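Counting in the numbering used here, the sequence shown runs from 4 upward without gaps. Note that the Cβ used here is the ideal one computed from N, Cα and C, for glycine as well. Bear in mind that the values here come from a model prediction, so they are computed numbers and not experimental data. Scroll down for the structure; my scribbles are underneath it.
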Amino acid sequence: MTILNRRCVVLYSGGLDSLLSVVIMKNLGFETIPLFVKTPFYDKDTNSLKKQLEPFDVELAVKEDFKGYISMLRNPRFGYGKNLNPCIDCKIFFYKKAKELMEETGASFVVTGEVLGQRPMSQRSYTILRTIEKQSGLSDLVLRPLSAQCLLKTIMEQEGIVDRKRLYCIQGRARKKQLELAQSLGIENFENPAGGCLLTDMQFSVKLKETMSKNDEFYNLKTIELLRIGRHFRIDGFRFVVSRNEKETKELFENFDFLPLVMCLNEPGAVGVFLKEPHMDTIIKGASIVKRYSKKAQNLIFKGSREFIIDIKPMRDEEVNKYRIGGVNA
Ligand code: SF4
């Protein structure tokens, strides 16, 4: 049996609900350790998270386990949401990281900003919240200050470590009560709740799913970064990414210049990168796609283990679409 103390780990995402939970626990007199769990798909600038927490005199802890997350994502026990978001398993993963930190720091329970009924998958019902607790080995040791008064009493409340009367009964998707609470607690600097997780994005999920089917590419963090940008093609088994605008062209040059690429020789235009050195036929097809998206281009150049100039016509759209991953608008 856990001996309760006045130290807790708060799962922290940078959003308003988790920030409210940090402040509530601080105001209740707990030693509060906010934890941000980084994933390849939900990444935040930890410096700005730290800055956001500065007024509350707490120190942010950060954990990341990229391989562990990918392995969960490949085969989530509770399945995916609308896109490739395995929200229930993802929450179990976060809870487990919080449990690790709890054990490392001697804290005795975990706090989250979850609100009952707020999200369709992981916060849909109390039963699901309890399942997530159980699966992560945190049964009865998770306090949700924003919804606590409309949930069963936790051990922390039963034992009188946490005063239930000073917690809340917020439910559902509306944000009004959280905003009022933020105002009453003097919280001004917080993020808009929408978005943030790439796994809920349809286009990203299509590209990721295709990538996941190719084992050789998937365990590469850079590949996943690349999924955020460009038009994606699969040519003769080789993935090829072509920039959509000047910003992406710059990004590909700056962050992926170690990959074989096709670019315009003298004029401004798109750039395309292969994840690994392709055969000559494939390079030519890739160059023809780059030309399609580079209106001013004359000659192109391939830069890989060797360099050579390519003079080729732009590929027709119907053919381009045959190679495209994720549909015509991807
Ligand atoms: S939206 Fe993304 S980060 Fe949030 S629980 Fe779902 S998979 Fe995890």
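| Asked | Found |
| --- | --- |
| Going by DSSP, what residue range makes up the beta strand (DSSP E) through I27? | Careful: I27 lies outside any beta strand (DSSP E), inside the alpha helix (DSSP H) at L19 to N30. |
| Which full runs of the alpha helix (DSSP H) of 4+ residues lie inside the segment 165-231, going along the chain? | 179-187, 205-215, 218-221 and 224-229 |
| Rounded to whole angstroms, how far is the Cβ of V12 from the Cβ of I36, which I believe are closer than 8 Å? | 5 Å |
| Compute the beta-carbon to beta-carbon distance between D143 and T130, rounded to the nearest angstrom, for a pair I have assumed lies under 8 Å. | The pair is not a contact, with the Cβ atoms about 15 Å apart (cut-off 8 Å). |
| Might you give, ordered along the chain, the residues of its own chain that have their beta carbon closer than 7 Å to the beta carbon of R295, omitting 5 neighbours on each side? | P317, M318 and V323 |
| Using only the alpha-carbon positions, how far apart do I238 and T285 sit? | 6 Å |
| Three or more beta-carbon pairs under 8 Å between the segment 259-276 and the segment 288-304, yes or no? | yes |
| What does the Cβ neighbour count give for N88, buried or exposed, with the cut at 16 atoms within 10 Å? | buried |
| On the CB-based measure, 16 or more other CB atoms within 10 Å of its CB, does A177 come out buried or exposed? | exposed |
| Considering only heavy atoms of ligand 1, does any lie closer than 8 Å to the CB of C172? | no |
| Is N78 close to ligand 1? I mean its beta-carbon at under 8 Å from any heavy atom of the ligand. | no |
| Would you mind sorting H282 into buried or exposed? The rule is 16 or more other CB atoms within 10 Å of its CB. | exposed |
| Which residues share a DSSP beta bridge with I304? | M266 and I312 |
| From F112 to I173, what distance separates their C-alpha atoms? | 21 Å |
| How should Q121 be labelled, buried or exposed, when 16 other C-beta atoms within 10 angstroms of its C-beta is the threshold for buried? | buried |
| Using 9 Å as the threshold, is the C-beta distance between G272 and E251 below it? | no |
| How long is the line joining the alpha carbons of F243 and D320, rounded to whole angstroms? | 16 Å |
| Can you tell me whether P37 is helix, strand or coil according to DSSP? | strand |
| Look at the Cβ atom of F259, then the Cβ atom of G307, and state whether they are nearer than 9 Å. | no |
| Can you tell me whether I162 is helix, strand or coil according to DSSP? | In the sequence as presented, Ile is not what sits at residue 162; that position holds Glu. Looking at E162 - three-state DSSP - the assignment turns out to be coil, as it is neither helix nor strand. |
| Tell me whether A151 sits in a helix, a strand or coil according to DSSP, three-state version. | helix |
| Which value, in whole angstroms, describes the spacing of the CA atoms of I287 and I312? | 11 Å |
| Going by the C-beta, is N88 closer than 8 Å to any heavy atom of ligand 1? | yes |
| Does the distance between the C-beta of Y98 and the nearest non-hydrogen atom of ligand 1 fall short of 8 Å? | no |
| Determine the burial state of M159: buried for a count of at least 16 other Cβ atoms within 10 Å of its Cβ, exposed for fewer. | buried |
| Report whether the distance from the Cβ of F44 to the nearest heavy atom of ligand 1 is below 8 Å. | yes |
| Could you check whether V65 and L22 sit closer than 9 Å to each other, using their CB atoms as the reference points? | no |
| Could you tell me if R309 is buried or exposed, where buried requires 16 or more neighbouring beta carbons within 10 angstroms of its beta carbon? | exposed |
| Can you tell me whether I238 is helix, strand or coil according to DSSP? | strand |
| Could you check whether V245 and I292 sit closer than 9 Å to each other, using their CB atoms as the reference points? | yes |
| Is G275 near ligand 1, going by C-beta to nearest heavy atom under 8 Å? | no |
| Going by the C-beta, is T203 closer than 8 Å to any heavy atom of ligand 3? | Ligands in the displayed structure: ligand 1; ligand 3 is not one of them. |
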